[in-house]
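Trainee:
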Amino acid sequence: MKITIIGGHGKIALLASAQLAQRGDTVTSIIRNPDHVEDVSATGATALVLDVESATAAEMADAFAGSEAIIWSAGAGGGSPDRTYAVDRDAAIRAMNAAELAGAKRFIMVSFLTASTEYLVPLDDPFYPYMAAKIAADEHLRGSGLDYTILGPGVLTLEEATGTLNPTPDPAAKNPTSRANTALAIVAALDEPSSIGKTINFADGDTPVAQVLAAP
6 MKITIIGGHG KIALLASAQL AQRGDTVTSI IRNPDHVEDV SATGATALVL
56 DVESATAAEM ADAFAGSEAI IWSAGAGGGS PDRTYAVDRD AAIRAMNAAE
106 LAGAKRFIMV SFLTASTEYL VPLDDPFYPY MAAKIAADEH LRGSGLDYTI
156 LGPGVLTLEE ATGTLNPTPD PAAKNPTSRA NTALAIVAAL DEPSSIGKTI
206 NFADGDTPVA QVLAAP
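Counted the way this note's numbering counts, the sequence shown spans residues 6 to 221.
1. So Ile205 packs on Val214, CB below 8 Å; how close in whole Å?
2. Less than 8 Å between the CB atoms is what I'm expecting for Ile17 and Val115, so what's the real figure, rounded?
3. Quick check on Leu163: buried or exposed, where buried means 16 or more other Cβ atoms within 10 Å of its Cβ?
4. Given Ala141, which residues of its chain have a CB within under 6 Å of its CB, disregarding the five upstream and five downstream residues?
5. Can you give the beta carbon distance from Thr119 to Leu156, rounded, assuming they're within the 8 Å contact cut?
6. Check the DSSP bridge columns for Met114 and list the partner residues they point to.
7. Just the C-alpha distance for Arg224 and Ala81, rounded to the nearest angstrom, thanks.
8. With which residues is Thr162 paired in a DSSP beta bridge?
9. With a CB to CB cut of under 8 Å and the five nearest residues on each side skipped, what residues in its chain are close to Thr212?
10. I'd like the list of long-range same chain contacts for Asn180, defined as Cβ closer than 7 Å, with 5 residues on each side in sequence excluded.
11. Once you ignore the five residues that flank Asp56 on each side, which residues in its own chain have a CB closer than 6 Å to its CB?
12. For the structure I just gave you, are there three or more beta carbon pairs, one from the segment 13-28 and one from the segment 90-108, closer than 8 Å?
13. Within the continuous beta strand (DSSP E) that includes Ser34, where are the two ends?
14. Which residues does DSSP list as the beta-bridge partners of Asp209?
15. Helix, strand or coil: which one does DSSP assign to Ala96?
16. Name the residue from Ala60, Met101, Ala109, Asp130 whose alpha carbon lies nearest to the alpha carbon of Ser149.
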């Protein structure tokens, strides 16, 4: 499979690109900073320098040409609310539109466990812009014509992969979730047609990743 990862220098993306490249997929990782090319190349992926915050949908579509699947694993990383909306909402939505333009039907979105208006914090909470941006992006994806899977990990950690998840985490709990297990979930979603059209929330647990992604 030919796959493009957006946010290719993120910890989850680096782990996922290495797994995909090792099994023979062709991976292009889009990054903003040219200083990160070497790190991305070390995973077996091909680095493509493109700032998705400023790139148009047409420019992204050119970058996606020939890809069968797009993985969104980018983020502004907090800080300025304006930049959070610009990346986590607006650029993500342009990427979805670009995927449709490029004919890349499969789209994996890395979101988070409580990305729902049900759990949206008050407007004056510092976390509000990120939550609102991700919720808006996820909703756009659900309304698109793409074959999407939205992955909702809990609180991300740097623990090693266990290959097992909890598919029914309590949204009110902390729910530690390793980035390594989240990368495994990305790969499993690409392999599992029944994950299409679903939002799959999870945390670290005891159920094999593939089983969680294949659940009805």
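Glycine included, each C-beta is placed from N, C-alpha and C at the ideal position.
Mentor: With the given structure in hand:
1. About 10 Å separates the two Cβ atoms, so there is no contact after all.
2. 6 Å
3. exposed
4. Arg94
5. Not confirmed; about 13 Å, so no contact.
6. Trp77, Ile155
7. This structure gives no information on residue 224, because the portion of the chain shown stretches from 6 to 221.
8. Ser183
9. Thr169, Leu170, Asn171, Pro172
10. Leu118, Gly159, Val160, Pro174, Ala208
11. Arg37
12. no
13. 31-36
14. Leu170
15. helix
16. Met101
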